Amino acid sequence: MSDAWRRFLGHRLAVIGLGVIAILVVLAVGARVFSPHDPLRQDLPRALAGPSADFPLGTDEFGRCILSRILYGARLSLLVGVIATGIGASAGILSGLLAGYFPRVESVVMRTMDVLLAFPSILLAIAIVAALGPSLPNVMIAVGVRSIPSFARLTRSMVLGIKELEFVQGAQALGAGHPRILFRHILPNGISPLLVFSSMQVATAILLAAILSFLGLGVQPPTPEWGKMVSDGRSYLMEAPHVSLFPGLAIFVAVMGFNCLGDGLRDALDPRMGRVAIE
Amino acid sequence: MTRYLIRRLLQTVPVLFGVSLLVFAIMHVVPGDPVRLIAGPDAPESVVQRVRAELGLERPLHVQYLSFLGRAVQGDLGRSLRSRAPVIDEILTRFPATLELTTVSMLMAVAVGLPLGLVAAVRRSTWVDYLSMGASLSSLSMPIFWVAIVAIWLFSLQLGWLPVSGRAGPVWQWEGLRHIVLPAATLATTSVAIISRLTRSGMLDVLGREYVTTARAKGVSPLGVVGKHALKNALIPVVTVVGLQYGFLLGGAVVTETIFAWPGVGRLAMTAILQRDYPVVQGCVLLVAVAFVLVNLFVDVLYGWLDPRIRYE
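Protein chains in written order, with my numbering: chain A, 260 to 538; chain B, 1385 to 1697.
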C-alpha cells in the first residue's frame, strides 16, 4: 500500500487533482463563510455588472453575486457527482459480481446492460428526468443509471479473472458461502480498477448533471447550480459574457480535478490499465 | 465470415427488443396526458375520448406495445402527436443534417487527435507530450455546452467570422460550410481528446514491442517504423472508439444540436421528450440503437482486416 501511495504522490497531476478536490470540498462546505454575499439576494440596479472589488466575479441578470452562487453551487455539483456515482457503482458492481460469479444469471444481466449501453447516455438521462420530473434526486438517479452498465462490465471481467485463482478455490474448499467469497475474497482483490473508474465517473457525472441543468431539467431556480447559471447567461452573451464564463470554468475545474485524480490513481494502483472511454 | 455476420446480426435482435421495451416503458410512465396535448386543454370529454380511441391509448399497455412493435418491424413508427406527420418521415428529413454534422465532426476529430497522439507518443515525456496530453485532459473536462457558448461568443459575436447557429444548405456550399464549422468543432472536442489519448497509449505499447526494435535494428527510418510497422497495430483501439463515437453521434448530438439550432435528429429527440411526443421519442431511440449496433458490427469486421490474428469462429 505504501508503495502505491508513493507512486500516487509521484504523479504530479494526481496530487494536483486531489488538492483541487480538497479545496472545492472546503469551499463547498464553508460556502456560508466564504461567500461575500447571499447567493439569492437580488440587486437589480447592479445587474450584469462586471467583476469588481465588491463582486469579485461580477453579478448576473438579477444582480446576484456570481462568486457566492458558484460557491453554493459547488455543494450541489459535488453531491450530485458523488451520489450519482454511488448509485451507479452499487447497482453496477452488484450486477457485475453476480454476472461474473454465477454463469446462469450472466446472460440475462449482461444483455440488460447491452440494452442500457445501446442508449446514448444523454438521451437516456433526459428521458428518465422527463419521466420522473426535474428535481435533484431524479437527476442523481438519471445520471447514476447511465453508469451502471460500465460498472457491471468492468466488475464482471474482474470477477472472471479472479474467481479461478487458488485462494478463491481455497475459500470454497473451506466451505465459505457465496456471499462471503464474493464480498470478502473477490471484491477486495479487484477493487483498484473500480476505484479508478469511480473517480473518473464522478467527473462524468458532474458533467452530465450540468448538461441536464443546462437543458432546464435539473434543479429548479433560484437554487444556484453551475449548469443552469451557464444557461441563464446565454441571453446576455453580448453585453456580459462573464455570467456564463465563470460558472463554466467552475465545472471545468471540478471535472478536471476528478479526472486528474483518476489518472493518478490508475498509475498508482494499476499501471497497466488503460483509461476506459465513455461517450 | 458470413456465418459470423449472421450470428452477430441475430444477437442484436434481443438488444433491439429490449431497447424498444425500455423506451416504451419510460414514455408511458411519463406524467401528463398526450391526448390533452392534441385535443387541447379545454376540449370537451367527448373529443378527448375520440382522440384516445383514435390513438389506441385505451387499450392495455401490452397490446399497445405489441402493436407498436409489429408496425415498427414494417417500418411504420406511427405518427407524431404534434405535427401528425409519420415519425419515419420526421426522422428521415432530419437525418441528413445529423449525418453531415457527425461525419464532419469525426473527420475533424481524427485529423487533430491522431497526429496529436502520435507526436505525443514519439516524443514521450517531452514538453510536446505534456502539452498535448494536458490539452486533451482539459477538453475531456470541459462541459460541451460551455465550449459551444464560448465558441459562439468568440467566433460569432466578437470576431464575427462565423454564424451563430442554424444550417444553411449542404456542407459543400460556402454558406453550409460556414454554418457547420462551429457545431462540428464543438462536437469534436471530446472525440479529439479520447482519440489522441488512445493513439498515444496504443503507440507506446506497440513501440516497446520486439518487432519494432527489430525493424529499428534493420535500419528502417524512424518515419518508416512509425508509419509502416507501428501505426497499423496501434490503431486498433482507436478504430473501436471512432466507431463507437460515430454510432453514438449518429443518434444526434442532443446538446450541440440544441445550442446551435442544428435541425438534426438529436434536437428532434430532445423536443419530443420535452413535449411528450412519445412516438417520435420511440422512433429516435430505436434509430440510435440500430445505428449503434450496426456500427459496432462494422467495427468488429474492421478488426479482422486490421489484425489478421483475430479470427471469427
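A virtual CB, placed ideally from N, CA and C, is assigned to each residue, including glycine. These figures come from a predicted structure and were not determined experimentally.
Contact of residue 339/A with chain B is not assigned, every C-beta pair being separated by 7 Å or more. Chain-order list of chain B residues neighbouring residue 493/A: 1533, by C-beta distance under 8 Å. At a cut-off of 4 residues, the continuous stretches assigned as alpha helix (DSSP H) that sit fully inside the stretch 1493-1554 of chain B are 1511-1525, 1528-1535.
Cα atoms of residue 347/A and residue 412/A: separation of roughly 12 Å, rounded to the nearest angstrom.
Residue 1524/B reaches chain A at 518, counting residues in chain order whose Cβ is nearer than 7 Å. Under the three-state reduction of DSSP, residue 1486/B is assigned to helix. Contact between residue 351/A and residue 410/A holds: their C-beta atoms lie close to 2 Å from each other, under 8 Å.
Closer than 9 Å at the C-beta level to chain B, one finds these residues of the stretch 368-379 of chain A: 370, 371, 373, 374, 375, 376, 377, 378, 379. Those residues of the stretch 1532-1555 of chain B placed with their C-beta closer than 8 Å to a C-beta in chain A are 1533, 1534, 1536, 1537, 1541, ordered along the chain.
Note on residue 1454/B: under 16 other CB atoms within 10 angstroms of its CB, so exposed under the neighbour-count rule. Under the 8 Å Cβ criterion, the stretch 1644-1662 of chain B counts as touching the stretch 1480-1499 of chain B, having at least three qualifying pairs.
Here DSSP, grouped into helix, strand and coil, assigns residue 318/A to strand. Between residue 368/A and residue 358/A, the CB-CB gap stays under 7 Å. In its chain, beyond the 5 residues on either side, 372, 375, 376 have a beta carbon closer than 6 Å to the beta carbon of residue 408/A. The Cβ-Cβ distance between residue 1640/B and residue 1571/B falls below 7 Å.
Fewer than three beta-carbon pairs drawn from the stretch 418-426 of chain A and the stretch 492-500 of chain A are found closer than 8 Å, and the two stretches are therefore not classed as touching. About 16 Å separates the CB atoms of residue 1661/B and residue 1436/B; that is not less than 8 Å, and the two are not in contact. Taking 9 Å as the cut-off between beta carbons, the residues of the stretch 1653-1666 of chain B near chain A are 1653, 1654, 1657, 1658, 1660, 1665, in sequence order.
By the CB criterion at 7 Å, residue 465/A and residue 513/A fall inside the cutoff. Distance from the Cα of residue 1573/B is smallest, within the candidate group 1397/B, 1607/B, 1629/B, for 1629/B. Excluding residues up to 5 positions away in sequence, nothing lies with its Cβ nearer than 7 Å to the Cβ of residue 433/A in the same chain.
Cβ proximity to chain A below 7 Å picks out nothing from the stretch 1495-1515 of chain B. Looking only at 406/A, 448/A, 480/A, 507/A, the smallest Cα-Cα distance to residue 341/A is reached by 406/A. Remark: C-beta atoms of residue 455/A and residue 525/A approach each other more closely than 7 Å. Taking 7 Å as the threshold, the shortest C-beta distance from residue 342/A to chain B does not fall below it. A Cβ-Cβ distance of about 6 Å is found for the pair residue 520/A and residue 273/A, placing them in contact under the 8 Å criterion. Bounds of any alpha helix (DSSP H) do not take in residue 1470/B, whose DSSP letter is neither H nor E. DSSP places residue 405/A outside both helix and strand once states are collapsed to three, so it counts as coil. Residue 1489/B and residue 1568/B do touch by the CB rule: their CB atoms are close to 4 Å apart, below 8 Å. Closer than 7 Å to the CB of residue 1627/B there is not a single CB belonging to chain A. Membership of residue 494/A in any alpha helix (DSSP H) is not indicated, and neither H nor E is assigned to it by DSSP. For residue 1614/B, no Cβ of chain A is located within less than 7 Å of the residue's own Cβ. Considering only beta carbons, no part of the stretch 402-414 of chain A lies closer than 9 Å to chain B. Burial state of residue 1468/B is exposed, judged by a 10 Å Cβ sphere holding fewer than 16 other Cβ atoms.
DSSP places residue 323/A outside both helix and strand once states are collapsed to three, so it counts as coil.
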